[in-house]
Amino acid sequence: MENSLYKIFLLPEISLTLLTCSCLILGLFSKKDSYLKTINASIFSLIITILLIFVNVDIKFAHYDELFSNNSLIQFFKIIIVVGSLTSIIISKNYFLELKIARFEVPILLMFSTIGMLIMISSNNLMLMYLAIELQSLSLYVLAAINRNSLVSAEAGVKYFILGALSSGILLYGCSLIYGFTGTTSFEQIYLSLNQLDNLNLGIIFGLVFILVGLAFKVSAVPFHMWTPDVYEGSPTSITAFFAIVPKIAAVVLIFRFCLEPFGNFYKEWSQIIMFLSISSMFVGAIAAIAQNSLKRLLAYSSIGHVGYVLIALAAGNQESIKAVAIYMFAYMVMNVAIFAIILSLKSSKGFVENIDELSGLSKSNPIIGLSIAAIMLSMAGIPPFIGFFSKFYIFIAALNKGLVVLSILGVLASVISAYYYLRIIKVIYFEDLNPNQNYNFTISLQSKLVLTLMLIIMTFFVFYPSIIVNIASNLMLN
Amino acid sequence: MTNWPLLTVIIFLPLVGSFIILLIKESSINSINIKWAALWTSIGTFILSCLLWIQFDYNNSSYQFVEKIRWFDDFNFNYHIGVDGISLFMILLSTFLTPLCILASWKNIKNNIKEYMISFLFLETVMIGMFASIDILLFYIFFEAVLIPMYLIIGIWGGERRIYASFKFFLYTLLGSVLMLVAIIIIYRNTGVMNIQDLQGNYFDKSTQKFLWLAFFASFAVKIPMWPFHTWLPDAHVEAPTAGSVILAGVLLKMGGYGFIRFSLGMLPEATAFFIPFIMILSIIAIIYTSLVALAQEDIKKLIAYSSVAHMGIVTIGIFLVNQQGLEGAMIQMISHGVVSAALFLCVGVIYDRMHTRQISFYGGLVNKMPAYATVFMIFMLASVGLPGTSGFIGELLVILGAFKVSTFIAIGASLGIILSAVYMLYLYKRIIFGVIANEKVKDILDLDLREKIILIPLLLTVLLIGIFPNIFLDPMRQSIEIIITNYEIANGK
């Protein structure tokens, strides 16, 4: 296809940037209801972006000297990321209004962060990778503290900012080391220049470790997870939903690409680090969540545990693991969107539900909601026939294909431990009596009801026709 | 052979029933409709499964009523179901007990009737599906999905320590079964097949076999349960509602035995031969130890729960004798225990509904007030002990016969179990039924009503039917058992 200038508007990142700027202008210049106008415009823009990603016109000159790369895996995850931010904006629309933090900046920042993530996962260069990470992180720092009047929200924002800046510094130092020893920042050039080596020298190993530490911070793998529970708890729940769903997916894809593309030939070097991160994340995620009473903290630890499973797939480092991570992150998005859609709409007499024991006896007053939460929890715990089981199943297939038996056994054992806290939520909902003073109020907008229903259907009925997702995932390739 | 997918209909009919119940609005008037809908669904399933038995070809050793639909496009996993002589009676047992369970909960479940019936029907689907699946992944999915309804049944409608019991049940059995998942993936990686039948002729190298065997052992030994993995069972039984105990003892324990026959014996014969002494020692310890523990129990349900462990010890001995008598005995013992222990739990439920206690010391002299109950209870008690003419006798006799062929020591161990079971069951019976009524409250107790008779009489007839005409049950399973034994002997060079 002939390249012409107007086709550049078909590039999802560029058009999303332009649309976001238009939304910003719309928000600035509208006298009243600026929040509602921008949020609807942002939903519209994200839908357009999804369509553009589907179109996927390959415009050669828009690769900017191979700064960007594009392949089926990246395209798949771009869709997942945009769908994730779209759904999290939809489910949190009413929440912002209720909490009176309905500023028009919120959707704008969410969209800037989304742009950052789109660039991040398609970056083919250490510098671009760093800049994209910063773009998405800076928006997220502001979002964490968006509830300015709340002390915990401000604390979450500052904590996230300081720790995030530290990790960015480490990441950047790692990039500079790699540049120093290979003389290039492009992923492909790094791959080629490392290819001539039999062993990595110390400087490159240091660079690799530093970059992995920075990325581990972004995916919140143990021991770089400390910020996660506090930030999840302190931020407004709608922002937590976004944190839990979207940046995590982007960071996971980036860590996959970083390990498998430039360092693809040095499996031995990074796989040890990844295995350690994986085992510690699974167990810390499973054990630390047991004692939590705050629903958001629990979900934070649960997401740490999920990252541990994804890293098992990375530790396998084969074609199966690409498929496994695609299915796992898809399932992760589905389950998290569903649970947050419920949390963001469920009010007890004390306001929005934040603690587990506030859910007691929910099944008696709202049986359908109780059933849905129970199903999501079972799915997260990896109990068949829900989608969570199949995602874990694919992870273990990838790991056992590589012969990682011990890692898989540790993985399944951690899943048993984590089943305990998921079951605890079901226990509170089903086995405990309804508190007579408690009265639940579940108000949900039509759009988020649609999203919730769709996610629950995918989660439950995946077992009957898994091939749709599985076939897409099987065809994904890295370069 | 029929053209319509009979087996699929049997598996999913209860699920359809539970969807219908989900749509019925819960109210006091509708609760009776919910109960009837559940009852008729389960009776319909039972009738269809009888059709399965009628059409079953006794001379065909392979799977029948096979249905195979491609399930995953990327892997060789199929929706592959079928019935052979071993699974036929397990399916029948599940479909037979579910309507009785629903009937047994007619009055004593007062809250959340809708969820209760949905749980039971979902449980029925999952149980039948598990016994009918040929694809291992399908088997695993059903095997684990059993935990969900059972967890809810124990946790919502259970006794005082129900939360502890339900968590223990769920986590304990989950811990066992996740290792099976690893084993299943390794099997798939090594062979590329997920079909139980094809895998039976496929031998792994010996060290892999041992690893896989241990992984399967972990899940089945917890499920069946074997000593020392049995500690979840007394808690789960005591806290579960009557119908929950019935299904737990009647069907869920058999999943372990079924798994041993299918996977350990069928797929991993060399490792089985290696581990037989280990199993035998655990089984004999289980029989003697749990029988003695049962003797000391004060709670009727707990006593029967421990007796289940002892009876399952006889089953594991029978399975791992790997000869015709032993395996047939183990199968009959499983069916018989499914019926008898279910009946015993229902009998306990009868007096529990009236007096709301299960303490043995509370009762005594019931024969004066409840003659019909005393008779029925006696027959089930004797069947549990293994009196000739009842189902328990056939199973135990065959297992001991088989055991004498292998080793006198094992035979003595198994026979000890029978003697001890007579001790604790007769002692229990004496304390509850005989004597004079010492407790004032027991004086007003009423005998069985019509509903309870309707529940217990089919069980009674089944016990006697197995006891008097065991061949009705033995003939269909003979071919399938022979295949497993031949397979085992070829693998071990006998």
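These protein sequences, in sequence, are chains A and B. Each step along the first sequence adds one to the number in my numbering, with nothing skipped, and position 42 is 42. Each step along the second sequence adds one to the number in my numbering, with nothing skipped, and position 389 is 389. By construction, the Cβ of each residue, glycine as well, lies at the ideal position given by its N, Cα and C atoms. Being a predicted model, the structure only gives us computed values, none of them experimental.
Report task. Would you check if the distance between the CB atom of I190 (chain A) and the CB atom of P262 (chain A) is smaller than 9 Å? Result -> yes
Query raised in the report: Mind pulling the chain A residues with CB within less than 8 Å of A145 (chain B)?
Result: I383, P384 and P385
Query raised in the report: With a CB to CB cut of under 7 Å and the five nearest residues on each side skipped, what residues in its chain are close to I32 (chain B)?
Result: none
**Report entry** For V246 (chain B) and G176 (chain B), the rounded distance between their alpha carbons
**Finding:** 22 Å
Requested in this report: Give me the Cα-Cα distance between A273 (chain B) and V209 (chain A), rounded to the nearest whole angstrom.
Outcome: 49 Å
Requested in this report: Give a yes or no on whether the C-beta atoms belonging to V385 (chain B) and L426 (chain B) are separated by under 9 Å.
Outcome: yes
Requested in this report: Grab me the residues of E489 (chain B)'s own chain with a C-beta within less than 7 Å of its C-beta, minus the 5 sequence neighbours each way, in chain order.
Outcome: none
**Report entry** Residue burial classification, L476 (chain A) (beta-carbon count within 10 angstroms, cutoff 16)
**Finding:** buried
Query - Cutoff 6 Å; reference K218 (chain A); Cβ partners in own chain excluding five residues on either side - result: A251
Query raised in the report: Do the region 466-476 of chain A and the region 319-333 of chain A touch if we need at least three Cβ pairs shorter than 8 Å?
Result: yes
Query - Own chain residues within Cβ distance below 6 Å of F263 (chain B), not counting five before or after - result: F216
**Report entry** 8 Å Cβ shell around L428 (chain B) - same chain, five flanking residues per side excluded
**Finding:** I300, L303, I360 and M381
**Report entry** Buried or exposed (CB count within 10 angstroms, at least 16 for buried), P12 (chain A)
**Finding:** buried
Query raised in the report: What do you get for H225 (chain A), buried or exposed, if any count of 16 or more other CB atoms within 10 angstroms of its CB means buried?
Result: buried
**Report entry** CB contact check: V310 (chain A) to chain B, cutoff 9 Å
**Finding:** no
Requested in this report: List the residues of chain A that R162 (chain B) touches, going by C-beta distances under 9 Å, in chain order.
Outcome: F431
Report task. Evaluate the contact criterion for the region 102-111 of chain B versus the region 48-57 of chain B: three or more CB pairs, one atom per stretch, below 8 Å. Result -> no
Query raised in the report: Going along the chain, which residues of its own chain have a beta-carbon closer than 7 Å to the beta-carbon of H306 (chain A), five neighbours each way excluded?
Result: Y332
Query raised in the report: Mind checking whether V193 (chain B) and L400 (chain A) have CB atoms under 9 Å apart?
Result: no
Query - Chain-ordered chain B contacts of A419 (chain A) [CB-CB under 8 Å] - result: F170, L171 and L174
**Report entry** Partner residues on chain A for D73 (chain B), Cβ-Cβ distance less than 7 Å
**Finding:** S467, V470 and N471
Query raised in the report: How many Å lie between M1 (chain B) and F65 (chain B) at the Cα?
Result: Low local confidence applies: a pLDDT of 47 at M1 (chain B) is under 50, so the model's placement there is unreliable, with the coordinate-based value given in what follows. C-alpha separation (whole angstroms): 7 Å.
Query raised in the report: If we ignore side chains and look at the alpha-carbon of each, how far apart do A419 (chain A) and I373 (chain A) end up?
Result: 14 Å
Report task. Report the residue from A:L404, A:F396 and A:V470 whose alpha carbon sits nearest the alpha carbon of F330 (chain A). Result -> A:V470
**Report entry** Touch test, the region 82-99 of chain A against the region 337-349 of chain A, Cβ-Cβ under 8 Å, three pairs minimum
**Finding:** yes
Query raised in the report: Between which two residues does the alpha helix (DSSP H) carrying V9 (chain B) extend?
Result: L6 to L23
Query raised in the report: Mind pulling the chain A residues with CB within less than 8 Å of L179 (chain B)?
Result: I409 and V412
Query raised in the report: Below 8 Å, can you find three or more Cβ-Cβ pairs linking the region 110-120 of chain B to the region 226-235 of chain B?
Result: no
Query - Residue of B:I118, B:A383 and B:S28 minimising C-alpha distance to V16 (chain B) - result: B:I118
Requested in this report: Let me know the secondary structure DSSP gives Y486 (chain A) once reduced to three states.
Outcome: Since the first residue shown for chain A is 1 and the last is 479, residue 486 (chain A) is missing from the structure and cannot be characterised.
Requested in this report: Starting from the beta carbon of G155 (chain B), find every residue of chain A whose beta carbon is closer than 7 Å, and list them in chain order.
Outcome: K427, Y430 and F431
Report task. Can you have a look at N439 (chain A) and say buried or exposed, based on whether 16 or more other CB atoms are within 10 angstroms of its CB? Result -> exposed
Query raised in the report: In whole angstroms, what is the alpha-carbon distance linking V353 (chain A) and G44 (chain B)?
Result: 43 Å
Query raised in the report: Alpha carbon to alpha carbon, what distance is there between E270 (chain B) and L212 (chain B)?
Result: 11 Å
Report task. Check the Cβ of I186 (chain B) against every Cβ in chain A and list those closer than 8 Å, keeping chain order. Result -> L400 and V405
Query raised in the report: Under 9 Å between the Cβ atoms of L131 (chain A) and S113 (chain A)?
Result: no
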